[in-house]
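*Asks:* Chains as they are written, first to last, in my numbering: chain A, -17 to 321; chain B, 148 to 485.
Have a look at this one before I ask anything.
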């Protein structure tokens, strides 16, 4: 009951934040000089047509009224406005490009979690051994090197020299396969495992480049959390009491160490989509990032608000999930206010 | 000679032979324990007393194999629990099987993120494999009942944070009792608890150890409790044992100047005002005095004390049951004139 109430309050809170965010972005875009309609139509279109489109898109009304119409459109019809760049509804565009990028981020998130926890655990358990040193050197490089540097390096090494992976692009999806927009998922839904393999093959380098910094950071956090807890009294107590090494490390030590790990992990996942921008461009992976870049470059008002809102929603949702996850992991937080 | 025989027959629950512990730090070497031997007989209750920082916990942690090493550098001629060495991998097994330890602070000795029943279950599973879930549960309830825990069902489903300090220490004792060990180590089990609970916990510990005929090594600042519970006592100062003997006699007629001072520092209900302390502090472990480590605080220090450290020597009629490490032991000093 308490948890439900708490979660509900968090969701309401989040909606308010998103509302404020959308209004800010909505206003800021209007401050940018230049007429978006004119710049999207080109100099040859007559002024009357421009004015007609402006009034169709409500651009001739005062800002608060525009905002009101925009919100009304979302609430009543799920309509996020029209993109001046693609000439489609923004909602439609997002639905078309976002799943692809989410799939990329999902694989990256899984890789970061698995590798970060694995390497961090090895590093902590064999603290100061040669393997710990190797891992720590890797994490220094991983944290300080930007993702695009890895991307270019991998392209040169694996694609250009070794010819193991495609240098960019994704396999063509047959039109009848397209359901969700996520490449791998669509291939799986269509039961075409050969295509799924191809998709994975082409996604390998983008996912790796996107994840490596996160893996390095996650490894460091997990290692330090485990090293800190390994000297705790309760580990010594459990050890003398007879708990075996495996259980001691993977349960009694892992669970409390997961609290900082999980918090940092959430923030990393939330920022994956933003980090994917440059990766998607480099690997010509036509997803949400490329769409976002285009709408921003073209000063497409509804496009920019829609894209920004997606980032806001992802951050907000992940934050709520982190809070819920941490209170499950750490009873000291979850039980606060109950006693 | 008698000691050697007992060793041969494994009559000691715990036998620590010439343990030394030091730490290498930036400034040099911290010589915390220069060389210490002690033993606990079967079903014997032994106290270990001395002021904070004298190395009591270090000794106990070395025995339970939970002293972090490195940084600690441990050297011994052997530590034996019920006649088996605790050295190496096999030794760790021996510790897990035959040593129980209760730590100072119950708020840190239970895992904050696991429920009590989970923590107890993992220990039971490792000690008594292949039982059914309900059997394990019954074992847990039994051990909680043994420490007179109110509402054991509720305690099992709780996280440590939901229990009071006294309840947590009862849980810790219950956990230590679940294993059928001969040796029980209690490292200041009541220091973190308030005075009303302290009495209860010590009484409980005493009762359980007597009932189950366990050997106990108890570190405590509650000297009254040590006097009541233990048969024999070791007095430690700056990493050395300075006096060892039957509790009753040592408390009644202490021989080492440090023991005299330590006992005089205990406030008594019948005494007048605040008890006497011992002036000065523990010497630095970085550069300990060459002779007796207590010399600089000692009211009857002689030239000899400053040069060579005294060895433990028998002061009782029967060989070796009461030993003191002092050149001037029992030469007329009754209280510390500090």
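C-beta atoms are modelled at their ideal positions from N, C-alpha and C, and glycine is treated no differently.
All figures in this text were calculated on a predicted structure; none of them were measured in a lab.
Which of the residues in the region 208 to 221 of chain B, read from start to end, lie with their CB under 7 Å from any CB of chain A?
*Replies:* Those residues of the region 208 to 221 of chain B that come within reach of chain A (Cβ to Cβ, closer than 7 Å) are 211, 213, 215.
*Asks:* Name the residue from B:169, B:355, B:312 whose alpha carbon lies nearest to the alpha carbon of residue 337 of chain B.
*Replies:* Measuring from the Cα of residue 337 of chain B, the nearest candidate turns out to be B:312.
*Asks:* Got a sec: which bits of the region 235 to 250 of chain B sit with their beta carbon under 9 Å from any beta carbon on chain A, in order along the chain?
*Replies:* Within the region 235 to 250 of chain B, the qualifying residues are 239, 242, 243, 244, 246, 247, 248, 249, 250.
*Asks:* Nearest CA to the CA of residue 269 of chain B: which residue from A:208, A:223, A:60?
*Replies:* It is A:223 whose Cα lies nearest to the Cα of residue 269 of chain B.
*Asks:* Have a look at the DSSP bridge pairing and note the partners of residue 159 of chain B.
*Replies:* Answer is B:188, bridged to residue 159 of chain B.
*Asks:* Please go through the same chain and pick out, in chain order, the residues whose beta-carbon is closer than 7 Å to the beta-carbon of residue 305 of chain B, but skip the five residues on each side of it.
*Replies:* Hits under 7 Å: 262, 263.
*Asks:* Would a C-beta distance cut-off of 9 Å place residue 383 of chain B and residue 206 of chain B closer than the cut-off?
*Replies:* Against a cut-off of 9 Å, the Cβ pair of residue 206 of chain B and residue 383 of chain B comes out as a contact.
*Asks:* Using a beta-carbon distance below 9 Å, is residue 219 of chain A in contact with chain B?
*Replies:* Judged by the 9 Å Cβ criterion, residue 219 of chain A is in contact with chain B.
*Asks:* Looking at the strands, I want to know which residues DSSP matches up with residue 175 of chain B.
*Replies:* According to DSSP, residue 175 of chain B bridges with B:172.
*Asks:* How would you list, in chain order, the residues of chain A whose beta-carbon sits under 8 Å from the beta-carbon of residue 224 of chain B?
*Replies:* The premise fails here: residue 224 of chain B is roughly 23 Å from chain A at the closest Cβ pair, so nothing lies under 8 Å.
*Asks:* Could you name the residues of the region 202 to 216 of chain A whose beta carbon sits closer than 7 Å to any beta carbon of chain B, in the order they occur along the chain?
*Replies:* Cβ contacts with chain B come from 213, 214, 215, 216.
*Asks:* Count the other CB atoms within 10 Å of the CB of residue 373 of chain B; is the residue buried (16 or more) or exposed (fewer)?
*Replies:* Looking at its Cβ environment, which holds 16 or more other Cβ atoms inside 10 Å, residue 373 of chain B is buried.
*Asks:* Determine which residues of the region 221 to 239 of chain A have a Cβ less than 8 Å from any Cβ of chain B, and write them out in chain order.
*Replies:* Answer set for the region 221 to 239 of chain A: 221, 222, 223, 224, 225, 226, 229, 233, 234, 237, 238.
*Asks:* Does the Cβ-Cβ distance between residue 286 of chain A and residue 11 of chain A come in under 9 Å?
*Replies:* Taking 9 Å as the Cβ cut-off, residue 286 of chain A and residue 11 of chain A qualify as a contacting pair.
*Asks:* Please compile the residues from chain A whose C-beta is within a distance smaller than 8 Å of the C-beta of residue 261 of chain B.
*Replies:* In chain order: 233, 234, 237.
*Asks:* Could you please give the first and the last residue of the uninterrupted alpha helix (DSSP H) stretch that includes residue 168 of chain A?
*Replies:* That run of the alpha helix (DSSP H) goes 165 to 171.
*Asks:* Can you list the residues of chain B that residue 44 of chain A reaches, using a CB-CB cut of under 9 Å?
*Replies:* Per Cβ cutoff of 9 Å: no residues; residue 44 of chain A is ~55 Å from chain B at best.
*Asks:* Suppose you measure from the CA of residue 36 of chain A to the CA of residue 42 of chain A; what does that come to, to the nearest Å?
*Replies:* Each residue's Cα considered, the two are about 6 Å apart.
*Asks:* What are the boundary residues of the beta strand (DSSP E) that includes residue 381 of chain B?
*Replies:* Per DSSP, residue 381 of chain B belongs to the beta strand (DSSP E) from 379 to 384.
*Asks:* So is residue 113 of chain A in contact with chain B if we call contact Cβ pairs under 9 Å?
*Replies:* So, not an interface residue.
*Asks:* Closer than 8 Å is the cut-off here; do at least three beta carbon pairs connect the region 101 to 118 of chain A with the region 196 to 214 of chain A?
*Replies:* Cβ pair count under 8 Å is three or more, so yes.
*Asks:* From residue 484 of chain B to residue 405 of chain B, what does the alpha carbon distance come to, in whole angstroms?
*Replies:* Caution applies to residue 484 of chain B, whose pLDDT of 42 falls short of 50 and renders its modelled position unreliable; the value that the coordinates give is listed next. If you take the alpha carbons of residue 484 of chain B and residue 405 of chain B, they lie about 12 Å apart.
*Asks:* In the DSSP assignment, what residue or residues form a beta bridge with residue 471 of chain B?
*Replies:* Answer is B:390, B:460, bridged to residue 471 of chain B.
*Asks:* Please name the residue in B:190, B:191, B:397, B:170 whose C-alpha comes closest to that of residue 181 of chain B.
*Replies:* Nearest C-alpha to residue 181 of chain B: B:170.
*Asks:* Just the C-alpha distance for residue 214 of chain B and residue 285 of chain B, rounded to the nearest angstrom, thanks.
*Replies:* Looking at the two C-alpha atoms, the distance is approximately 33 Å.
*Asks:* Suppose only complete runs of 3+ residues qualify. What are the beta strand (DSSP E) ranges in the region 222 to 248 of chain B, listed by chain order?
*Replies:* Here the runs fully enclosed are 226 to 228.
*Asks:* For the region 298 to 312 of chain A, which residues have a beta carbon sitting closer than 7 Å to at least one beta carbon of chain B?
*Replies:* Those residues of the region 298 to 312 of chain A that come within reach of chain B (Cβ to Cβ, closer than 7 Å) are 311, 312.
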